[in-house]
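>
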Amino acid sequence: MNLKKFLAELKRRRVYGVAIAYAISGWALAQGIAQIFPVFDIANWVVRFIVLLIVLGFPVALVLSWFFDLTRYGIVRTLDVGPASKVAVVKAARPPEKSIAVLPFDNQNRDPDTDYLSDGIPESIIHSLSQLPQLRVMARSTVFSYKGKDVDPRKVGNDLGVGAVLMGRLIQQGDNLAIRTELVNVADGTELWGQQYNRKLADVFAVQEEIATEISEKLRLKLSGAERQQLAKRPTENLKAFQYYMQGQSSAQRRTREDLLSAIRYYERAIGEDPNYALAYAGLADAYTSLGVYGYIAPIEGRRKTDENARKALALDENLAEAHAALGLPHTFFAPYNFSQGDRELRRATELSPSLAIAHFYLGTSFARQGRLDESIEEYLKARELDPLSSIIARAETLPYYLKRDYVRALELLRQANELGPPWTTTFEIGIYIQNKLFDETFAELEKAKRQRPKDPLLIYGTGMVYAKGKRTEALQIIKELEEMSGANLSQAHWIAKIYATLNEKELAFSWLDLGLATGAIGSFYKDEPVWDPIRSDPRFEALVSRILSVP
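Going by this note's numbering, the letters in the sequence shown line up with residues 193 to 744, in that order.
1) For Tyr214, which of helix, strand or coil comes out of DSSP?
2) Between Leu327 and Ile371, how many whole angstroms is the CB-CB distance? I'm expecting something under 8 angstroms.
3) Decide yes or no for the touch test of the stretch 551 to 564 against the stretch 329 to 344: beta carbon pairs closer than 8 angstroms, at least 3 of them.
4) Run the CB neighbour count on Asn299, radius 10 Å, all protein chains shown included, and call it buried at 16 or more, exposed below.
5) Flag this pair as yes or no: are the beta carbons of Ala745 and Thr694 separated by less than 8 angstroms?
6) Cα-Cα, which of Arg420, Lys414, Ser416 is closest to Glu402?
7) Only counting the same chain, and skipping five residues up and downstream in sequence, which positions put a Cβ closer than 6 angstroms to that of Ile569?
8) Taking the alpha-carbon positions, what's the Leu506 to Ile489 distance?
9) On the CB-based measure, 16 or more other CB atoms within 10 Å of its CB, does Lys414 come out buried or exposed?
10) Figure out for me which residue from Thr711, Leu221, Asn468, Val255 has the closest Cα to the Cα of Arg495.
11) When the Cα of Thr428 is compared with those of Ser532, Tyr459, Gln364, which residue comes out closest?
12) Quick check on the burial criterion: 16 or more other C-beta atoms within 10 angstroms. Buried or exposed for Phe241?
13) How many angstroms separate the CA atom of Gln669 from the CA atom of Tyr692?
14) By the three-class DSSP mapping on this structure, what secondary structure does Ala293 have?
15) Residues in the same chain with beta-carbon distance under 8 angstroms from Arg447, minus the five sequence neighbours each way, listed in chain order, please.
16) Considering Asn610, what are the terminal residues of the alpha helix (DSSP H) in which it resides?
17) From the DSSP secondary-structure annotation, give me the bridge partner or partners of Ile363.
18) Can you list, in chain order, the residues of its chain whose CB lies under 7 angstroms from that of Tyr594, leaving out five sequence neighbours each side?
19) If we call anything under 8 angstroms between Cβ atoms a contact, is Pro722 one with Arg597?
20) What is the residue span of the alpha helix (DSSP H) that Glu383 lies within?
21) Report yes or no: do the stretch 637 to 654 and the stretch 472 to 480 share at least 3 C-beta pairs separated by less than 8 angstroms?
22) With contact counted as at least three CB pairs below 8 angstroms, one residue from each stretch, are the stretch 570 to 590 and the stretch 604 to 617 in contact?
23) Using CA coordinates, which residue listed in Ser547, Met657, Leu519, Phe531 is at the minimum distance from Phe559?
24) Give me, in chain order, the residues of the same chain whose beta-carbon lies closer than 7 angstroms to that of Lys497; leave out the 5 immediate sequence neighbours on both sides.
25) Return the Cβ separation of Ala222 and Leu254 in integer angstroms, given the expectation that the two are a contact with Cβ distance under 8 angstroms.
26) Please state the DSSP three-state secondary structure of Asp566.
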């Protein structure tokens, strides 16, 4: 290692920070005892001894900082990073002129019952602007991380790499609505445009349309007639339906079983108010996909409900990007797959709404299942550019590296992702920790997560995978627990097969895979996943992969 690389490695391992912190705290401690100890007639040799310990502790602290990190997970070993596994650091590129972040509006009522307006108006503007190919728009989950915070628009813009930031304030008094908007130029902090709207609550959809149009004009976007029509399109004219939809969106972002079921109830209420609300049907499809993939309902049921609601959304609006993205999910998230049809719908979604980050995320996942790992990385990067603060997308970015067997890079990215949101939402997270042989840390964190999410099948599966690396009896007990949870719908068949494969129980692994495929109980399957290595050389595995993937 040359000097330049050595100094860079010192920085990566935070040795400089430890040295500075130790020197300052050590000096302060030495000064303190030198002043205080004599007051209590403590002998000078005690003072000198403590100072000597502080000095001797300095190199020890530096050595420990080289090998270990203090993180939110406690003290963990710092991983070595080879030339092919650079630590990923996401930095905002030079902001392009045609890019924007629409922040949640400040709800000056300070009333959660009006959040659907302060959140919903910006989200609707994001939805409208995302359809413009000449404008890059930050996604909802990223901009909503600033909700309720007093932020500097220039800093937000520089952090996110956008050229403009829209901020707003809102207050509702009975049927009256007052909205103040400000479009800020990130480059110099000047106001590109500002407007005060004093309208009736019933006019909220017209206000959203006006704001989106004003933004396009102030950013000097040249819109075609079709693009102007898209900006003017209103997903619903029903205020109650809009409120329910926004509440569903808020619940769906959290992705726990309870939140997903809550989102479904809100979407259904929205549809009850407005049966032609295509976005609400697309929301239902996405929620049912998550329920099926996470094992909260039978995958075959998740697939059916996803397909049913996606088709309803598309029948109502054939140019709705979210509807095309939703229609791609039954073919790319549930086995047996039909990638040609699923990818076609996902591609169409990105054409209709180039800034729809979730469509790039879905496409990246589809490519990962097919073994097209470099293309998967490319799509995940596109998704992260549009939604850099999404923990779901950041976590997904680790998947292709895990499948490539680049476990160090995968873990580095996963630790970064976990700073954005709660861990343990995917099976491959567990695989990444296990492949890095972090068994004790994995087990401890799973047990901690179980206290928040008791009886979550994903966490129980994860515990079984850790046990399978050395505690056979305990692993078999976990399998029994998953079998009981699966019941007649066999929703955990795929995960049970993974544990058996790890235990090198080939016959049982194939038996459960066959059973899962026959009953539609396989959701997420990645042919390159390391967990299948113990059975990969068996001819039956290749035959099974062909049946599951159905690659045209």
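Cβ coordinates follow ideal geometry from the N, Cα and C atoms, glycine included.
Looking at the atomic coordinates:
1) helix
2) Between Ile371 and Leu327 the Cβ distance is about 22 angstroms, and since that is not below 8 angstroms, they are no contact.
3) no
4) buried
5) No statement about residue 745 is possible, as the shown extent of the chain runs from 193 to 744 and does not include it.
6) Arg420
7) Pro592
8) 24 angstroms
9) exposed
10) Thr711
11) Tyr459
12) exposed
13) 12 angstroms
14) strand
15) Ser482, Tyr486, Ile584, Thr617
16) 599 to 610
17) Ala370
18) Ala602, Phe620, Gly623, Ile624
19) yes
20) No alpha helix (DSSP H) holds Glu383; the beta strand (DSSP E) holding it covers 383 to 392.
21) no
22) yes
23) Phe531
24) Tyr480
25) Their Cβ separation, rounded to whole angstroms, is 18 angstroms, which puts Ala222 and Leu254 out of contact at 8 angstroms.
26) helix
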